[in-house]
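Chemist: Numbering (the numbering used here), first residue to last: 4 to 367. Where a beta carbon is used, it is the ideal one built from N, C-alpha and C, also for glycine. Please read these numbers as outputs of a predicted model, since none were measured by experiment. Sharing a structure with you now.
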Amino acid sequence: MKVAFVIGSLRFSGAERVLISIANEMTKKGNQIYILLLNGILTGQEETYKDGLDPRIICIDAGLASSNSFSKIQRMLNIRKIIDKVHPDVVVSFGVECNCILLPALFGCRFPIVVSERNDPKIYPFKRTLRIRRKILYWSAKGYVFQTEEAKAFFSTSIQSRATVIPNPVAAENIPTPYFGERRKDIVSVGRLDDKQKNYKLLFRAFALLASDYPEYRLVIYGEGPDRPELEAEITKLNLTNRIFMPGAEADVPHRIRDAALFVLSSNFEGMPNALIEAMAVGMPVVSTDCPCGGPNFLIKHGENGTLVPVDNIQALAKSVRDVLENPVATEKMAQEARKILQQLAPEKITLMWEQYIEGFVER
4 MKVAFVIGSL RFSGAERVLI SIANEMTKKG NQIYILLLNG ILTGQEETYK
54 DGLDPRIICI DAGLASSNSF SKIQRMLNIR KIIDKVHPDV VVSFGVECNC
104 ILLPALFGCR FPIVVSERND PKIYPFKRTL RIRRKILYWS AKGYVFQTEE
154 AKAFFSTSIQ SRATVIPNPV AAENIPTPYF GERRKDIVSV GRLDDKQKNY
204 KLLFRAFALL ASDYPEYRLV IYGEGPDRPE LEAEITKLNL TNRIFMPGAE
254 ADVPHRIRDA ALFVLSSNFE GMPNALIEAM AVGMPVVSTD CPCGGPNFLI
304 KHGENGTLVP VDNIQALAKS VRDVLENPVA TEKMAQEARK ILQQLAPEKI
354 TLMWEQYIEG FVER
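And the structure:
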């Protein structure tokens, strides 16, 4: 089977890691895989991801530097030309932005298109114009992949009838062995510095409620993003500049966080959060908001392999963090239970789900 995956770039984020995992597994099984990059050639951090690709996978630059209207038309024509040349059995697009570029670009082509939503469709995209484009364009796709049932339920019954739900994989080879020693006194979180989604201010304020009781603990946020200045100002406002740290993006997150005391996800919404999956896979204690569109609720069985708390509730989050710090034996038991996510979301298992769904659109 020849499959063309389409994505913006291969920069440091969850959707890209998922695509690479699936593409590699499908290539191992004899499929011919192409990846079209709509935002241009691989540069900088993206090369790290390219190093992780099976060398048999072909990456194609489908981007243009300019964003004016004429260039957008050129890009659509370029995409159509590339897809015609590749002549795939199926085209799979990752993310609403790519979906809304690809669908009009390939309108009228005979190649079946499967679109994949990678976030909470009720909230994302933020731009009204893109939400309108999604509503207008999605009918023309042949298939739809969602990360959770809640995300799928957002769409029309017509779309739901042609859709499937597939969670994200976690690659065992990227996950270190669990840590069994005394944990370093760091509470950690991982993600883009985008407070509208990640709600780090909530986490800062919850930590502020605990800081005086646990003077040896730090809060460390790994990630980069547009809200760094705003978040740094909040840390200063809370007088916690010597307790809360944001060292930037980390290339090897699982190894960096495996011996930390606790992982916290404070998000207002998520798709299927890869950072939470990886924290569970390395056997860390985890606390997460029970946020839409259901990713954390799918991953965490409350009280068994982690803790769920209501969204945007400072007191509940602070209490759950305190409970973890005060009950290390029970917490470690839950952390080891969380490791089972490795089997549940094994790449070969998740890729098989993708393959079986995609094969349904291949012309016989």
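1. Short of 7 Å in beta carbon distance, which residues of its chain neighbour Thr51, apart from the five on each side in sequence? Order them along the chain.
2. Between which two residues does the beta strand (DSSP E) carrying Ser291 extend?
3. Which runs of the beta strand (DSSP E) at least 3 residues long sit entirely within the stretch 128-160? Give them in chain order.
4. Is the separation between the beta-carbon of Asn271 and that of Gln200 shorter than 8 Å?
5. Threshold first: 3 residues or longer. Then list the beta strand (DSSP E) segments lying entirely within the stretch 180-234, N to C.
6. Extract the residue ranges of the alpha helix (DSSP H) inside the stretch 54-97, only unbroken runs of 4 or more that lie entirely within it.
7. For Ser119, write down the residues that DSSP places opposite it in a beta bridge.
8. Using only alpha-carbon positions, find the residue among Ile238, Val332, Gly297 that is nearest to Arg186.
9. Which same chain residues, not among the five before or five after Val327, have their C-beta less than 6 Å away from its C-beta?
10. Rounding to the nearest angstrom, what Cα-Cα distance links Leu268 and Leu109 in this structure?
11. Run the CB neighbour count on Ala236, radius 10 Å, all protein chains shown included, and call it buried at 16 or more, exposed below.
12. Can you tell which of Val256, Leu206, Met4, Pro170 has its C-alpha closest to the C-alpha of Val290?
13. When you compare the stretch 210-218 with the stretch 173-183, are there three or more beta-carbon pairs, one atom per stretch, that lie closer than 8 Å?
14. If you draw a straight line from the C-alpha of Leu279 to the C-alpha of Pro299, how long is it?
15. In whole angstroms, what is the alpha-carbon distance linking Arg195 and Gly228?
16. Is the beta carbon of Leu56 less than 8 Å from the beta carbon of Val9?
17. Where does Gly17 sit, in a helix, a strand or coil, going by DSSP?
18. Can you have a look at Asn396 and say buried or exposed, based on whether 16 or more other CB atoms are within 10 angstroms of its CB?
19. Under three-state DSSP, which class holds Met249?
20. Tell me, which residues are paired with Val3 by DSSP?
21. The beta strand (DSSP E) spanning Phe364 covers which residue range?
22. Under 8 Å, do Leu39 and Ile63 count as touching if we go by C-beta distance?
23. With a threshold of 6 Å on Cβ separation, who are the neighbours of Ile353 within its own chain once the five nearest residues in sequence on each side are excluded?
24. Whole angstroms is fine: what's the gap from Phe158's alpha carbon to Val89's?
25. Mapping the DSSP letters down to three states, classify Leu328 as helix, strand or coil.
26. Between the alpha carbons of Leu13 and Val21, how many angstroms are there, rounded?
Modeler: Taking the coordinates as given:
1. Numbered from its first residue, the sequence shown carries residue 51 at position 48. With a pLDDT of only 45 at Thr51, under 50, the local geometry of the prediction cannot be trusted, and the value read off the model is given with reservation. Excluding sequence neighbours, Thr51 sits near Ala254.
2. For this step, residue 291 is matched to residue 288 along the sequence shown. Segment 289-292, the beta strand (DSSP E) holding Ser291.
3. 146-149
4. On the sequence shown, residue 271 is found 268 positions in, with the first residue counted as 1. On the sequence shown, residue 200 is found 197 positions in, with the first residue counted as 1. Cβ atoms of Asn271 and Gln200: closer than 8 Å.
5. 187-193, 221-225
6. DSSP runs (the alpha helix (DSSP H)) wholly in the stretch 54-97: 72-89.
7. Within the sequence shown, the letter at position 116 stands for residue 119. DSSP, once it has assigned bridges, lists Phe97, Val148 as partnering Ser119.
8. As a position in the sequence shown, residue 186 is number 183, starting the count at 1. Here the closest residue by C-alpha is Val332.
9. Here residue 327 refers to the residue found at position 324 when the sequence shown is read from its first residue. Excluding sequence neighbours, Val327 sits near Leu265, Pro288, Thr334.
10. Here residue 268 refers to the residue found at position 265 of the sequence shown. Here residue 109 refers to the residue found at position 106 of the sequence shown. Rounded to the nearest angstrom, the two C-alpha atoms are 38 Å apart.
11. Numbered from 1 along the sequence shown, position 233 holds the residue referred to as residue 236. That one is exposed.
12. As a first step, residue 290 is located in the sequence shown; it is residue number 287 there, counting from the start. For Val290, the nearest C-alpha among the options comes from Leu206.
13. no
14. Counting from 1 along the sequence shown, the entry for residue 279 is found at position 276. Counting from 1 along the sequence shown, the entry for residue 299 is found at position 296. Approximately 8 Å, taken between the alpha carbons.
15. To locate residue 195, count along the sequence shown from 1; it is residue 192. To locate residue 228, count along the sequence shown from 1; it is residue 225. Those two C-alpha atoms are separated by around 5 Å.
16. In the sequence shown, residue 56 corresponds to position 53, counting from 1. In the sequence shown, residue 9 corresponds to position 6, counting from 1. The answer is no: Cβ separation not under 8 Å.
17. Along the sequence shown, one-based indexing puts residue 17 at 14. Here Gly17 sits in helix by DSSP.
18. The structure shown does not extend to residue 396, since the chain is modelled only from 4 to 367, so the question has no answer here.
19. Start at 1 with the first residue of the sequence shown, and residue 249 comes out as number 246. In this structure, Met249 counts as strand in the three-state DSSP scheme.
20. As displayed, the chain neither begins before 4 nor continues past 367, which places residue 3 out of reach and without an answer.
21. As a working mapping, residue 364 is identified with position 361 in the sequence shown. Counting along the chain, Phe364 falls outside any beta strand (DSSP E), and DSSP gives it neither H nor E.
22. The residue you call residue 39 lines up with position 36 of the sequence shown. The residue you call residue 63 lines up with position 60 of the sequence shown. In contact: Leu39 and Ile63 (Cβ atoms closer than 8 Å).
23. Sequence index remark: in the sequence shown, residue 353 carries index 350 (1-based). Counting only Cβ-Cβ distances below 6 Å, and skipping sequence neighbours, we find Pro172.
24. Within the sequence shown, the letter at position 155 stands for residue 158. Within the sequence shown, the letter at position 86 stands for residue 89. Rounded to whole angstroms, Phe158 to Val89 spans 31 Å at the Cα level.
25. The residue given as residue 328 occupies position 325 in the sequence shown. In this structure, Leu328 counts as helix in the three-state DSSP scheme.
26. On the sequence shown, position 10 is the one that residue 13 refers to. On the sequence shown, position 18 is the one that residue 21 refers to. Leu13 and Val21: Cα-Cα distance of roughly 11 Å.
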